[in-house]
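42 is the number of the first residue of the sequence shown in this note's numbering; add one for each residue after it. A virtual CB, placed ideally from N, CA and C, is assigned to each residue, including glycine.
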Amino acid sequence: MRITKLEPLVLGTPWRDMTYVRLHTDDGLVGVGETRMLGHTEALLGYLNEAARNHVVGADPFNIEALVWRMKRGDYGRAGEVVMSGIACVETACWDLIGKALNQPVWRLLGGNVRDRIKAYANGWYTVERTPEQFHEAARTVVERGYRALKFDPFGPGRWELEPAETRRSVELVEAVRDAVGPDVEILIEMHGRFTPAQATRIAADLTPFSPSWIEEPVPPENPEALSKVSAGTTIPVATGERIHDRFEYRELFARQAADVIQPDIGHFGGISETRKVAATAETHYVLLAPHNVGGPVLTAANLHLAAVTENFKIQEHFNDFADAHVKQAAPGLPEVEDGYFALPSGPGLGVELDVDFVREHPARGARFDLYAEDWQFRGTKATEGAAS
42 MRITKLEPLV LGTPWRDMTY VRLHTDDGLV GVGETRMLGH TEALLGYLNE AARNHVVGAD
102 PFNIEALVWR MKRGDYGRAG EVVMSGIACV ETACWDLIGK ALNQPVWRLL GGNVRDRIKA
162 YANGWYTVER TPEQFHEAAR TVVERGYRAL KFDPFGPGRW ELEPAETRRS VELVEAVRDA
222 VGPDVEILIE MHGRFTPAQA TRIAADLTPF SPSWIEEPVP PENPEALSKV SAGTTIPVAT
282 GERIHDRFEY RELFARQAAD VIQPDIGHFG GISETRKVAA TAETHYVLLA PHNVGGPVLT
342 AANLHLAAVT ENFKIQEHFN DFADAHVKQA APGLPEVEDG YFALPSGPGL GVELDVDFVR
402 EHPARGARFD LYAEDWQFRG TKATEGAAS
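If you want it as structure tokens, here you go:
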């Protein structure tokens, strides 16, 4: 089997563009991969055009390791977010092809499952005004949908520090969510790399009574030593990693024991195999894996296959029950969340099939997402949102 064509497609929403790659082969099989870029979709498409010519067309999709090495190292320049995202789309599509060729789900080809279902947490549910009443009501809808965990960023457009009144407001939102969901539902606090170590540590102390399962990316991602300072100053587990694009960049994070949970994004991290490798290293440091995922059904499917085979997996992020739910139609076949869990995918390959017509009916809109804008949490659903959409 040889790859004869790389076909990129982009599905647009008001705040995120999802890039799909279809790999066509000489025996008629088609495999699909996905990533979600923030503001760099055109750059990704440009890279994919070059990579198709230089590395992908003519390759054997069964030889994933060799193909990934050529894409990552063969151009000599250091691979960053754009390149690793392009590699991820191609790598995941190769796994889809292999599974289809062998009529097996990917998780069986990765060694078989260590769990029968995969716990999920909801994100994208709090497209409401930042009041305790509205956060309380929105959180209740998540629990009613069956989720047993949810994540949110209560800090508005905060950056570096918060004014005392804004700190109180943010903590009140967390208190309202805890009250809404009760003591047995996990709440996960997203910080989006907003704060200084001192501010993040003080906020963590304020949040401790509400028993969050983690604080996520409390400081910007470039400085593991700063993250270590936060980890040492709180009893709340610390999660990070969505903006790390190479497993080698995790070395210092592990060495410093700076995080309790890592969150590589399969779609930005070179694909399933690369993410599995860093998960194995995390296991040797007693660190859990909770992959970042703001993608559609193809990327979510890839995450489920990885979760099925990963011993130190904790929980899977999922947006598409609350934000842009229509994107699930782009690739039918993904299990629904039931009682807080995904079932294992059962079809061959990733177990989903891209609806090309649907994607073409929803083209890119030039989405831009600004986490430092007022009302960013509406994710394009508020007519007056302006720059935040």
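Proximal residues to residue i (C-beta, below 8 Å), its chain only, five neighbours per side dropped
i: Val51; result: Asp58, Met59, Thr60, Tyr61, Thr82, Leu86, Val400, Pro404 and Ala405
i: Gln240; result: Trp201, Glu202 and Leu203
i: Phe228; result: The question names Phe, but residue 228 is Ile in the sequence shown. These residues qualify, in order along the chain: Ala190, Leu191, Lys192, Phe193, Val215, Val218, Arg219, Val222, Phe251, Ser252, Pro253 and Ser254.
i: Lys113; result: Ala120, Val124, Met125, Ile128 and Gly311
i: Pro173; result: Glu213, Leu214, Glu216 and Ala217
i: Val226; result: Val184, Tyr188, Arg189, Ala190 and Leu191
i: Gly115; result: Asn95 and His96
i: Asp247; result: Thr208 and Val212
i: Gln370; result: Asp396 and Phe399
Selected residue, minimal CA-CA separation from residue i, among the options
i: Arg420; options: Leu89, Pro173 and Gly165; result: Gly165
i: Phe363; options: Arg186, Glu170, Val328 and Glu106; result: Arg186
i: Val393; options: Leu214, Asp68, Trp56 and Glu75; result: Glu75
i: Ser387; options: Arg111, Ile105 and Leu150; result: Leu150
i: Ile139; options: Asn264, Thr172, Asn104 and Arg210; result: Asn104
i: Ala348; options: Pro305, Ser211 and Met125; result: Pro305
i: Ala221; options: Ala408, Glu178, Thr275 and Pro198; result: Glu178
i: Pro49; options: Thr422, Lys423 and Leu395; result: Leu395
i: Glu122; options: Ala342, Arg156, Glu91 and Leu79; result: Leu79
i: Val302; options: Gly115, Leu330 and Ala321; result: Leu330
i: Glu91; options: Glu106, Arg111 and Arg77; result: Arg111
i: Asp157; options: Pro55, Ala206 and Val350; result: Val350
i: Thr276; options: Glu283, Pro261, Ile244 and Ala267; result: Ile244
i: Gly152; options: Gly381, Ser314 and Val328; result: Ser314
i: Glu283; options: Ala342, Glu231 and Gly274; result: Glu231
i: Thr242; options: Pro224, Ala267, Pro262 and Val378; result: Ala267
i: His385; options: Cys130, Pro102, Gln145 and Glu106; result: What sits at residue 385 in the sequence shown is Leu, not His. Nearest of Cys130, Pro102, Gln145 and Glu106 to Leu385, Cα basis: Gln145.
i: Pro278; options: Glu106, Lys355, Pro224 and Cys130; result: Lys355
i: Lys318; options: Gly337, Pro224 and Glu106; result: Glu106
Cutoff 7 Å; reference residue i; Cβ partners in own chain excluding five residues on either side
i: Ala142; result: Met42 and Leu70
i: Val183; result: Ala163, Trp166 and Leu191
i: Asp67; result: Met42, Arg43 and Thr45
i: Thr316; result: Pro305, Ile307, Phe310, Pro332 and Leu347
i: Val339; result: Tyr61, Val73, Gly74, Glu75, Ala372, Leu391, Val393 and Leu395
i: Met125; result: His286, Asp287, His309, Phe310 and Gly311
i: Glu293; result: Pro265
i: Gln175; result: Val169
i: Val378; result: Ala161, Gly187, Tyr188, His359 and Asp362
i: Glu324; result: Glu352 and Asn353
Where residue i falls, given that 16 or more other Cβ within 10 Å makes a residue buried
i: Asn334; result: buried
i: Gly312; result: buried
i: Glu257; result: buried
i: Ala134; result: buried
i: Phe289; result: exposed
i: Ala88; result: The sequence shown places Tyr at residue 88, rather than the Ala named in the question. Buried, since its Cβ has 16 or more Cβ neighbours within 10 Å.
i: Val368; result: buried
i: Val97; result: buried
i: Arg209; result: exposed
i: Pro259; result: buried
i: Asn361; result: buried
i: Asn358; result: The amino acid occupying residue 358 in the given sequence is Glu; Asn does not appear at that position. When all chains shown are included, Glu358 counts as buried.
i: Ala343; result: buried
i: Val328; result: buried
i: Arg77; result: buried
i: Arg63; result: buried
i: Asp398; result: exposed
i: Val155; result: exposed
i: Lys205; result: Note that residue 205 corresponds to Pro in the displayed sequence, not to Lys. Burial call: exposed.
i: Pro224; result: exposed
Rounded Cβ spacing between residue i and residue j (contact assumed at less than 8 Å)
i: Val271; j: Pro238; result: 5 Å
i: Val147; j: Glu132; result: The pair is not a contact, with the Cβ atoms about 11 Å apart (cut-off 8 Å).
i: Arg297; j: Pro265; result: 5 Å
i: Asn353; j: Ala300; result: With 8 Å as the limit, Asn353 and Ala300 do not qualify as a contact, their Cβ atoms being about 13 Å apart.
i: Gly381; j: Tyr188; result: 5 Å
i: Pro31; j: Ala408; result: Not covered by the structure: residue 31. The range shown for the chain is 42 to 430.
i: Leu211; j: Pro198; result: Going by the sequence as given, residue 211 is Ser instead of Leu. Their Cβ separation, rounded to whole angstroms, is 11 Å, which puts Ser211 and Pro198 out of contact at 8 Å.
i: Tyr291; j: Thr341; result: About 23 Å separates the two Cβ atoms, so there is no contact after all.
6 Å Cβ shell around residue i - same chain, five flanking residues per side excluded
i: Phe383; result: Ile159, Ala161, Leu345 and Pro376
i: His326; result: Phe295
i: Ala428; result: At Ala428, the pLDDT of 37 sits below 50, so the modelled position is not reliable; the number obtained from the coordinates is stated separately. Cβ neighbours of Ala428 beyond the five flanking positions: Asp411 and Ala414.
i: Ala100; result: Ile44 and Leu108
i: Asp432; result: Past the boundaries of the shown model lies residue 432; the chain is included only from 42 to 430, so the question cannot be answered.
i: Ala93; result: Leu47
i: Pro261; result: Gly234
i: Gly5; result: Since the first residue of the chain shown is 42 and the last is 430, residue 5 is not available in this structure.
Whole alpha helix (DSSP H) elements within the stretch 148 to 223, 4-residue minimum | 173 to 185 and 205 to 222
Could I get the ranges of all uninterrupted alpha helix (DSSP H) runs contained in the stretch 302 to 376, with 4 residues as the minimum, in chain order?
-> 313 to 325 and 338 to 350
With a floor of 4 residues, list each alpha helix (DSSP H) that falls wholly inside the stretch 242 to 277, ordered by position along the chain.
-> 265 to 273
Report the residue ranges of all beta strand (DSSP E) runs contained in full by the stretch 51 to 103; include only those spanning at least 3 residues, in chain order.
-> Within the stretch 51 to 103, the complete beta strand (DSSP E) segments of 3 residues or longer fall at 58 to 66 and 71 to 78, listed in chain order.
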